[in-house]
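I have placed the structure first, in the form of structure tokens, so that the comments after it can refer back to it.
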RNA sequence: GGAUGGGUGGCCGAGUGGUUUAAGGCACCGGUCUUGAAAACCGGCGUGGCGGCAACGUCACCGUGAGUUCGAAUCUCACCCCAUCCGCCA
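Residue numbers (the working numbering): 17 to 441.
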């Protein structure tokens, strides 16, 4: 949610920013509604003031036993006008709110302009993709051959886009999650959280999933939503709060299942476990002051990259173009891991800086150490990392010609010392 | 699912129809005093609209919405949320 006052002051900046995301100018409609709303409010308050004044005089007159009929008649005429103005004011306010709530954040100045992912800009690479003296297989071929990745069983239970992991692969998923959490909590200063997976609309609104993207996640009959990412509960931990500056930055991490309906993804990544309705993910979230947010994005992205470095997986970092960025984001770096089976880099993390866009929706403010005016915090988050896709990367990068998979050094303590995953006999 | 209690400013908390411009306290900010600090005292201290260069003035806002009334934080109804107890349950 963007600030109506800023929009009033500098409409051209907003239209320009939205224009970079491919939107037509929005401010004429916004300013028109805003003007209408304020005009109604002004007129309404004039009438209310007059009514209150008259009512006071009526009370006084009655106490003195005087006649107040004229005043009462005047109030009666005001009462036909007031409800009409109230209704008009409420309606234009609601229209303005829903218009603003549906508009995306402005991209940062250094985001590359472009219509989609083809305009993303690679900013760095780490590691070298492994060489194979055989044709590397895709993760689902490896997993099924091991007898530990069962799409048929998942289809019976739940349908398409689900998977059953068994044996060492089930443990590998658990090991990856534990490894990532340990890294972020003990070395990167994030506080581990075990949050609810079902949240209210209020929380989904706060981080920007609602009102626009209701089709992307699942809803229960209890009017809860299943979280599409732990970003939702972690960021909304401070919904409505006013924090002291010395509490910032706040850094949280959580390992949770994530649920996505993948509406509109028909035909994309239908094989394997790249794109699922349910997957495990470690999320990292920071709440900061405006001054430190940009540095925090670099730090947070580095924390996510560190997971891949420890696992010895080659990756690159790309800065998303204005056409590929998420709704709430002002700037996003994607981390893409090398997948030998596919012969390409695939997204494994998305690290974003939201400015005060989410904080305005959540009403999360802080009180600066100097001065007492509250300010909105800045929020950031990133995957650190998507566990399912990391599992895919481990399988494809560490696969052996005999179909076995070497367990990366860093994960062995979490696998009971296991060095190699071999087929279930 | 059933019952009861409750939602007032950053926090606590008073307030059951018109001297409430929302008491009082805490926290915070400025000042007086002090070698400095603390204490004490004085003042300030929410959000939004409108007018004004500004100081400031003014109006609205007591969970949300509707209603009663000349007038509602206060009365009525509906809804939302929180707490406690009972039932069920990992």
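Built from N, CA and C at the ideal position, the CB exists for glycine as well.
Its Cα nearest to that of residue 147, the residue 356 stands out among 356, 188, 301. For the pair residue 289 and residue 422, the CB atoms are not nearer than the 8 Å cut-off. Beta bridge pairing from DSSP links residue 273 with 296. In terms of CA proximity to residue 116, 23 leads the group 23, 278, 336. Counting every other CB atom within 10 Å of its CB across the protein chains shown gives residue 440 a total below 16, marking it as exposed. Using a Cβ-Cβ distance cut-off of 8 Å, the region 209-228 and the region 242-259 are in contact, since at least three pairs of beta carbons, one from each stretch, lie closer than that value. Under the 10 Å beta carbon count, residue 106 is surrounded by fewer than 16 other beta carbons and is classified as exposed.
Beta bridge pairing from DSSP links residue 304 with 394. Of the candidates 276, 366, 275, 366 places its Cα closest to the Cα of residue 316. Checking the DSSP bridge columns, you'll see residue 74 has no partner listed. Residue 265 has its alpha-carbon roughly 7 Å from the corresponding atom of residue 305.
Put simply, of 112, 293, 111, 63 the residue whose alpha carbon is nearest the alpha carbon of residue 92 is 63. In this structure, the alpha-carbon of residue 287 lies about 22 Å from that of residue 417.
Separation of residue 201 and residue 220 (C-alpha to C-alpha, rounded to the nearest whole angstrom) is 26 Å.
Annotation for residue 343: 120, 121, 224, 228, 229 place their beta carbon closer than 8 Å to its own, counting only its chain and skipping 5 residues before and after. The region 325-335 makes contact with the region 397-413, as at least three CB pairs between them are under 8 Å. Here residue 348 has 336, 341, 342, 366, 367, 368 as same chain residues with Cβ atoms under 7 Å from its own Cβ, once five neighbours each way along the sequence are excluded.
Around the beta carbon of residue 399, 16 or more other beta carbons sit within 10 angstroms, so the residue counts as buried. By the Cβ-count criterion, residue 299 is buried, with 16 or more other Cβ atoms from all chains shown falling within 10 Å of its own Cβ.
Taking the Cα of residue 358 as reference, the smallest distance to any Cα among 373, 40, 126, 154 is reached at 154.
Under the Cβ criterion (8 Å, minimum of three pairs), the region 367-384 does not count as touching the region 269-286. Each residue's CA atom was taken as its position, placing residue 208 and residue 258 some 22 Å apart.
For residue 430, the three-state secondary structure derived from DSSP is helix. Residue ranges of uninterrupted alpha helix (DSSP H) with 4 or more members, entirely inside the region 39-106 and ordered along the chain, are 43-79. Sequence-distant partners of residue 205 (beyond 5 residues in either direction) whose C-beta falls short of 8 Å from its own C-beta, in its chain, are 267. In the DSSP annotation of this structure, the continuous segment of the beta strand (DSSP E) that includes residue 334 starts and ends at 331-335.
Taken atom to atom, the span from the alpha-carbon of residue 101 to that of residue 391 is near 33 Å. Per DSSP, residue 347 is one residue of the beta strand (DSSP E) stretching across 347-355. DSSP, reduced to helix, strand and coil, places residue 389 outside both helices and strands of the structure shown, so it counts as coil. For residue 206, DSSP assigns no beta-bridge partner whatsoever. Note that the C-beta distance between residue 222 and residue 360 is not below 8 Å. In this chain, the alpha helix (DSSP H) harbouring residue 408 covers 403-413.
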